[in-house]
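Here my numbering is used: the first residue of the sequence shown is 551, the next is one more, and so on. C-beta atoms are modelled at their ideal positions from N, C-alpha and C, and glycine is treated no differently. From a predicted model like this one, the values you see are computed outputs, not experimental measurements. Okay, so here's the structure we're looking at.
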Amino acid sequence: MASNAPNTTVACPQCRQPVAVHLEQLVDAGADPGAKQRLLKGQLNLLSCPLCGQTSMLGTPLVYHDPAKELLLTFVPMELNMRLQDKENLLGSLTRQVVSRTPADQRKGYLLRPQEMLSLQNLINRILEADGITPEILDSQRAKLQLLQDLLKADASALPALIQQRDAEIDVPFVQILGALLQRATGNGAAEQDTAVRLAALSEQVAQHSTIGRSASRQTQVLEEVAEELQALGTNLTRDTLLQLVCSNPDELRTRAVVTLVRQLVDYEFFVGLTKQIDKAAGEQRKKLEAARQVLLDAVARSDAAAKAQGTAAAQLLQALLQAPDETAAVREALPEISDLTLAILNQNIEAAQKAGQQDAIARLTQLRATIMAELDASTPPALRFINDLMQSDTPEAAAEMLRNRSAELTEELLQSMVELAQDLEARGHADMSAKLKEYHGLAQRELSLAKWR
């Protein structure tokens, strides 16, 4: 929840044009996770001048509250030169709002001892520290960003050599940062098109010329190969056939790919079968199978730990959305974090509430689900929304009827999107959905041809 100060007018620091602004002075991470993210990303209290286009962050008193971390932080910019009494009155008013909004049984001693931060950066560092991000991690991230800037500035002809020269610095965190920045720039459309192109070109060069890039390319290749083998098994894919696949070529990358693709089959019974195969083997083959078993155990442990962490994060996100004063705004802000797992946990909670007969909980959770689905639908590109609607058709006849009714929406670009999506589904092992989409693509192609003659 963000508490807003009254509207005020300030002069643009660039052109001195008066600009109306709405300041957020109380950031409650428990009630509004989006406000916390805006603060950390430097997007809080931004002044955008309509005349000259200047964008800058305004200095204003802030109170930050995170009940989960028991944090209550205050900050007043020194450049405001506020009198001590005025500062105490304002911060006192904001902290009283925090206390009054906190249920009586959840009020703890930290609410009586707000920590004063001397700078905005100190406040942000304190928030990150509470989230487990240490100064050492921050220093490492800054180094990665500096490396990224160095690579982006390099001439195209010199870039391969520079990547090889700084190969030791190009690690998994660097690749993750590069990927995240590329995804964000791509998602911002025309506004960051040039940045997206430069980042995409750099990503391609890193993949070709760095050790980790070549390794990742090899991992992707192996993953695709194993996915094709599993898909070829079709309905014959069982623990036994999976065990045969692993034992026939117990390569480490292939073994890890198996866990990534079909974790549900790598269970206790699978390991019993693998142990029997190890007992039968001898010499070099036995060593390979023993090594494969250890790789499988490690991969399963990592996969399960990641799934547990993702489940916890999804549950915490749902709780924050349920507590948000403006549900629609909170959901819209959190859309990038809402995944299939989030929706699955939400559906599980609805089913549990239904079994317990908790009508209030059912209504509240159902409303949240409706809000999420509405926002997801609104944010979905028209072509993908059309394809989603089409895939809801249970039969080719129903699909053909929908295509006739919405023939005005059919374009060559839409049909090409269907082809690309079908290929993607097939590559990820969803053969049934891919086949269905290919069939419906044929119907759509026919309908588009007929529509041209009408």
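- Give me the Cα-Cα distance between Gly580 and Asp689, rounded to the nearest whole angstrom. Going from the Cα of Gly580 to the Cα of Asp689 covers about 27 Å.
- Query: When we look at the beta-carbon of Val776 and count the other beta-carbons within 10 Å, is it buried (16 or more) or exposed?
  - Reply: Classification for Val776: buried.
- For Val881, which residues does DSSP report across the bridge? Residue pairing by DSSP places Val881 in no beta bridge whatsoever.
- Message: Tell me the residue span of the alpha helix (DSSP H) that contains Leu544.
- Response: Not covered by the structure: residue 544. The range shown for the chain is 551 to 1004.
- Message: Quick check: the Cα distance between Val809 and Arg646, rounded to an integer number of angstroms?
- Response: Here the alpha carbons of Arg646 and Val809 stand approximately 51 Å from one another.
- Task: Under 6 Å Cβ to Cβ from Ala555, same chain only, skipping five residues before and after it: list those, please.
- Result: In this prediction, Ala555 scores a pLDDT of 49, lower than 50, which makes its location untrustworthy; the coordinate-derived value is nonetheless stated afterwards. Same-chain partners within the cutoff: Leu573, Gln575.
- What does Pro568 pair with, by DSSP beta-bridge criteria? Its beta-bridge partners are Ala561.
- Could you pull out every residue in the same chain whose Cβ sits closer than 7 Å to the Cβ of Ser957, ignoring the five residues on either side in sequence? For Ser957, the CB contacts under 7 Å within the same chain, skipping 5 residues up- and downstream, are Glu997, Ala1001 in chain order.
- Same chain, Cβ closer than 6 Å to Tyr660, five either side skipped, listed in chain order: Result list for Tyr660: Glu620, Leu622, in chain order.
- Query: Taking just the CA atoms, how far does Gln860 sit from Val812?
  - Reply: About 18 Å.
- Please name the residue in Asp616, Asn675, Leu712 whose C-alpha comes closest to that of Ile687. Per the Cα distances, Asn675.
- Item | Asp721 to Ile762 span [Cα, whole Å] | In this structure, the alpha-carbon of Asp721 lies about 6 Å from that of Ile762.
- Are Leu1008 and Leu701 close, meaning C-beta to C-beta below 8 Å? Here the chain comprises residues numbered 551 to 1004, so residue 1008 is not present and cannot be evaluated.
- Query: So what does DSSP say about Met632, is it helix, strand or coil?
  - Reply: Met632: coil per DSSP, three-state reduction.
- Measuring alpha carbon to alpha carbon, tell me which of Thr961, Ala884, Asp944 ends up nearest Ala994. Closest in alpha carbon position to Ala994, among Thr961, Ala884, Asp944, is Thr961.
- Query: Cα-Cα, which of Met607, Cys602, Val560, Leu670 is closest to Tyr614?
  - Reply: The shortest Cα separation from Tyr614 among Met607, Cys602, Val560, Leu670 belongs to Leu670.
- Message: Short of 8 Å in beta carbon distance, which residues of its chain neighbour Ala704, apart from the five on each side in sequence? Order them along the chain.
- Response: Cβ neighbours of Ala704 beyond the five flanking positions: Leu712.
- Query: Using the beta-carbon count (16 or more within 10 Å), is Asp910 buried or exposed?
  - Reply: By the 10 Å Cβ count, Asp910 comes out exposed.
- Message: Which of the three DSSP states is assigned to Glu620 in this structure?
- Response: For Glu620, the three-state secondary structure derived from DSSP is coil.
- Query: Whole alpha helix (DSSP H) runs in the region 807-845 with 4 or more residues, listed along the chain?
  - Reply: If we require 4 residues or more, the alpha helix (DSSP H) runs fully inside the region 807-845 come out as 818-830.
- Buried or exposed (CB count within 10 angstroms, at least 16 for buried), Asp616: Under the 10 Å beta carbon count, Asp616 is surrounded by 16 or more other beta carbons and is classified as buried.
- By how many angstroms is the C-alpha of Cys562 removed from the C-alpha of Leu634? About 27 Å.
- Grab the span of the alpha helix (DSSP H) containing Thr605 for me, first residue to last. It is not in any alpha helix (DSSP H) - Thr605 instead sits in the beta strand (DSSP E) that spans 605-607.
- Can you have a look at Ile683 and say buried or exposed, based on whether 16 or more other CB atoms are within 10 angstroms of its CB? Taking all protein chains in view, the Cβ of Ile683 is surrounded by fewer than 16 other Cβ atoms within 10 Å, so the residue is classified as exposed.
- Report yes or no: do three or more beta-carbon pairs, one from the region 872-881 and one from the region 836-847, lie closer than 8 Å? When Cβ pairs closer than 8 Å are counted between the two stretches, the region 872-881 is seen not to touch the region 836-847, the count staying below three.
- Let me know if Tyr990 comes out buried or exposed under the rule of 16 or more other beta-carbons within 10 Å of its beta-carbon. Residue environment analysis places Tyr990 among the buried positions, since at least 16 neighbouring C-beta atoms fall within 10 angstroms of its C-beta.
- Do the CB positions of Cys602 and Val569 come within less than 8 Å of each other? In this structure, Val569 does not lie closer than 8 Å to Cys602 by Cβ.
- Query: Looking at C-beta atoms only, is the number of pairs between the region 819-831 and the region 787-797 that lie closer than 8 Å three or more?
  - Reply: Using a Cβ-Cβ distance cut-off of 8 Å, the region 819-831 and the region 787-797 are in contact, since at least three pairs of beta carbons, one from each stretch, lie closer than that value.
- Item | Contact belief for Ala751 with Ser767 at Cβ below 8 Å, rounded distance in angstroms | Contact flag wrong, Cβ pair sits at about 16 Å.
- Query: Does DSSP put Leu872 in a helix, in a strand, or in coil?
  - Reply: Correct three-state label for Leu872: helix.
- Item | Beta-carbon contacts of Lys988 that lie in its chain and below 6 Å, excluding the five residues immediately before and after | The residues are Ala972.
- Message: What ranges does the alpha helix (DSSP H) occupy inside the region 915-996, keeping only unbroken runs of at least 4 residues that lie completely in it?
- Response: As far as the region 915-996 is concerned, its whole alpha helix (DSSP H) runs of at least 4 residues are 932-941, 946-955, 962-977.
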